[in-house]
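*Asks:* Going by our numbering, the first residue of the sequence shown is number 8, and it counts up by one from there.
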Amino acid sequence: MLTAGSHVISISDFSRADLIAVLDRAAAMERNPGRPLDGRLMATLFFEPSTRTRLSFEAAMLKLGGRVIGFSDAASSSAKKGESLSDTIRMVERYADVIVMRHPRDGAARLAAQVSRVPVINGGDGANQHPTQTFLDLYTIAQEFPELRSGDRELVVAFAGDLRYGRTVHSLLHALCHFRVRVLLVAPRGLEMPADHLDHARAAGLQVEVLPDLQTAAERADVLYMTRLQEERFPDPLEFDHIKATYRISAATLAKAQPRLRILHPLPRVHEIATDVDATVHASYFTQAANGIPVRQAVLATVLGA
Ligand code: CP
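1. Give the straight-line distance between the Cα atoms of T294 and T58, rounded to the nearest whole angstrom.
2. Return yes when the Cβ of L71 is within less than 8 Å of the Cβ of L48, no when it is not.
3. Which residues, in chain order, sit with a beta-carbon under 5 Å away from any heavy atom of the ligand CP?
4. Would you list the one or two residues that DSSP bridges to E216?
5. Along the chain, where does the alpha helix (DSSP H) containing H177 start, and where does it finish?
6. Would you call R61 buried or exposed, if buried means 16 or more other Cβ atoms sit within 10 Å of its Cβ?
7. With DSSP run on the structure shown, which of helix, strand or coil describes T260?
8. Taking the beta carbon of M8 as the centre, do at least 16 other beta carbons fall within 10 Å, making it buried, or is it exposed?
9. Could you give the uninterrupted runs of the beta strand (DSSP E) lying entirely in the region 95-147, keeping only those of 3 residues or more?
10. Please report how far the alpha carbon of A28 lies from the alpha carbon of T10, in whole angstroms.
11. Classify E161 as buried or exposed, calling it buried when 16 or more other Cβ atoms lie within 10 Å of its own Cβ.
12. Just mark Q140 as buried or exposed, buried being the case when its beta carbon has 16 or more other beta carbons within 10 Å.
13. Since V230 and A290 are thought to touch, with beta carbons under 8 Å apart, how far apart are those beta carbons, to the nearest angstrom?
14. Find out if the Cβ-Cβ distance for the pair Q121, R174 is shorter than 8 Å.
15. According to DSSP, is G77 helix, strand or coil?
16. Under DSSP, the alpha helix (DSSP H) around Y296 begins and ends at which residues?
17. By DSSP, does V306 sit in helix, in strand, or in coil?
18. If the criterion is Cβ atoms closer than 8 Å, does the pair I256 and L218 meet it?
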């Protein structure tokens, strides 16, 4: 449940009602945010690089009247000297009212929450979870497709790219289990969706299909959720070059897509979306990134009891 004092660690901790409440509160923030967090302090502990998550959290807090402390590089923190994550959290909880953390280790956010007396918000832990990204992904999908919430029509959501290590697709797959959605999966060999996430989705009643190519997914989907291929995941550079060329959409390859197709991407993009897609009606990824502000305002205001 998402309420005053809650930690935000995994999307699996939240019900459909919680998700809808975040979407409603984010819409209210867009209309009239006010300054409900006047005098409150947020700490951003980013042990891994980030542009959108850190800056949109900071912008969200500042726009609501709050203030921000933190670091964006673990090398500039005492983690570099060997301080444990638990000790870091035990200090920061005495300085700030809420902690937003990104960490390279799966489970680091859960560990931080176990020792913190102030809310911990997971800004991404390893290949595990990125729950506030999922909130803003759902917010963007619901803006484009009201049937996500109404359930009037089965929505088709395709995930493409690195489905093994991409934490955003793991979180979003779990969240979609609460809605009337068919999921299409397209991934290079070795980067398929892990079996535990697939089993969870199918057990929850989600219809899931594995497709052989991106083109078919783009032609069938309402939402195409692209992810970045990480070169370091490929042992063979030649294989990466081949896959890179296959997992790429451009304005030309979208010629047969349905007009209503919307393309999302958590960003940053590298090779997988040609820049000529940006000017098409399908491109929703910059709107999606902008939605990080009202959605994170909603999360901050809720956990801080404002
Ligand atoms: N979507 C996302 O998490 O982006 P950053 O890595 O830039 O925060």
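Using N, Cα and C, we set each Cβ at its ideal position, and we do this for glycine too. Predicted, not measured: the structure shown is a model, and the values here were computed from it.
*Replies:* Taking the definition as stated:
1. For T294 and T58, the distance between alpha carbons rounds to 15 Å.
2. Here L48 is not near L71, since their CB atoms are 8 Å or more apart.
3. Those residues that bring their Cβ nearer than 5 Å to a heavy atom of the ligand CP are S57, T58, R59, T60 and P273.
4. E216 is bridged to L191.
5. In the DSSP annotation of this structure, the continuous segment of the alpha helix (DSSP H) that includes H177 starts and ends at R174 to L183.
6. With at least 16 other beta carbons inside 10 angstroms of its own, R61 counts as buried.
7. Three-state result, T260: coil.
8. Counting C-beta atoms within 10 angstroms of its own C-beta, M8 has fewer than 16 neighbours from the protein chains shown and is therefore classed as exposed.
9. Entirely contained in the region 95-147, the beta strand (DSSP E) runs reaching 3 residues are, in chain order, 105-110 and 127-132.
10. The alpha-carbon atoms of A28 and T10 are separated by roughly 10 Å.
11. Classification for E161: exposed.
12. Classified as buried, Q140 has 16 or more neighbouring CB atoms from the shown chains inside 10 Å of its CB.
13. In fact, because the Cβ distance is near 12 Å, the residues do not count as touching under 8 Å.
14. Contact: no.
15. Of the three classes helix, strand and coil, the one that applies to G77 here is strand, per DSSP.
16. Note on residue identity: the sequence assigns Ala, not Tyr, to residue 296. Looking at the DSSP string, the run of the alpha helix (DSSP H) that includes A296 is Y292 to A297.
17. Helix, per DSSP.
18. Taking 8 Å as the Cβ cut-off, I256 and L218 do not qualify as a contacting pair.
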